[in-house]
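A.B. asks: My questions all concern the structure below.
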Amino acid sequence: MSVLIVSKNNFDAIKNSEKPVLLDFYADWCAPCRMMSPVVDEIAEENPQYLVGKINVEKEPELAQSFGVLSIPTLAVMKSGKILSKSAGAQPKKQVLAMLEG
0 MSVLIVSKNN FDAIKNSEKP VLLDFYADWC APCRMMSPVV DEIAEENPQY
50 LVGKINVEKE PELAQSFGVL SIPTLAVMKS GKILSKSAGA QPKKQVLAML
100 EG
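What follows is the structure, encoded as structure tokens:
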């Protein structure tokens, strides 16, 4: 499954997903975000049991604010509309998968 581009227009459908959801808050100019992008893409491709989305904080500041994003990249894991975990900064793939597995 490919990565979804998340906006306030499609966020409600994503947040209420039965699958665990990984959200990657990023900006195009952010070097650590660019490092995380292929990791997030790989997780989406290799793990169809998860829903993976990216949120550009410059285009969707309301979503970033609602998640309390203070620095990027920030990764958040949700299930049934609830935030289960959140981390800021670049993470190794193994650590991101551990967040998703709970």
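The numbering of the sequence shown is numbering that gives the first Met the number 0, which starts it at 0 and goes up by one. C-beta: ideal position from N, C-alpha, C; glycine also. As the structure is a prediction and not an experimental result, all values here were calculated from the model.
1. Could you check whether I82 and A75 sit closer than 8 Å to each other, using their CB atoms as the reference points?
2. Can you say whether E45 is buried or exposed, counting buried as having 16 or more other CB atoms within 10 angstroms of its CB?
3. For E41, I'd like the list of residues in its chain whose CB is within less than 8 Å of its CB, leaving aside the five on either flank, ordered along the chain.
4. Please specify which runs of the alpha helix (DSSP H), each continuous and at least 4 residues long, are wholly inside the segment 28-63, giving them in chain order.
5. According to the neighbour-count rule (16 or more other Cβ atoms, all chains shown, within 10 Å of its Cβ), is I4 buried or exposed?
6. Exposed or buried, L99, counting other C-beta atoms within 10 Å across all chains shown (16 or more means buried)?
7. Count the other C-beta atoms from every protein chain shown that fall within 10 angstroms of the C-beta of D27, then say buried if there are 16 or more, exposed otherwise.
8. Check L69 in the structure and name its three-state DSSP category.
9. On the DSSP letters alone, give me the boundaries of the alpha helix (DSSP H) that V95 sits inside.
10. With DSSP run on the structure shown, which of helix, strand or coil describes K7?
C.D. replies: Straight from the coordinates:
1. Counting from one through the sequence shown, the residue named residue 75 turns up at place 76. Counting from one through the sequence shown, the residue named residue 82 turns up at place 83. Their beta carbons are under 8 Å apart, which means A75 touches I82 by this criterion.
2. Position 46 of the sequence shown, counting from 1, holds the residue named residue 45. Answer is exposed; the Cβ neighbour count stays below 16.
3. Taking the sequence shown and counting its residues from 1, the one referred to as residue 41 is at position 42. K92, listed in sequence order.
4. 30-45
5. Counting from 1 along the sequence shown, the entry for residue 4 is found at position 5. The residue is exposed, with fewer than 16 neighbouring Cβ atoms inside 10 Å.
6. The residue given as residue 99 occupies position 100 in the sequence shown. Buried, since its Cβ has 16 or more Cβ neighbours within 10 Å.
7. One-based indexing of the sequence shown puts residue 27 at position 28. So D27 counts as exposed.
8. Here residue 69 refers to the residue found at position 70 of the sequence shown. Correct three-state label for L69: coil.
9. Mapped onto the sequence shown, residue 95 falls at position 96. Note, V95: alpha helix (DSSP H), K92 to E100.
10. Here the question's residue 7 lines up with position 8 in the sequence shown. In the structure shown, K7 sits in coil (DSSP, three-state: anything other than H, G, I, E or B).
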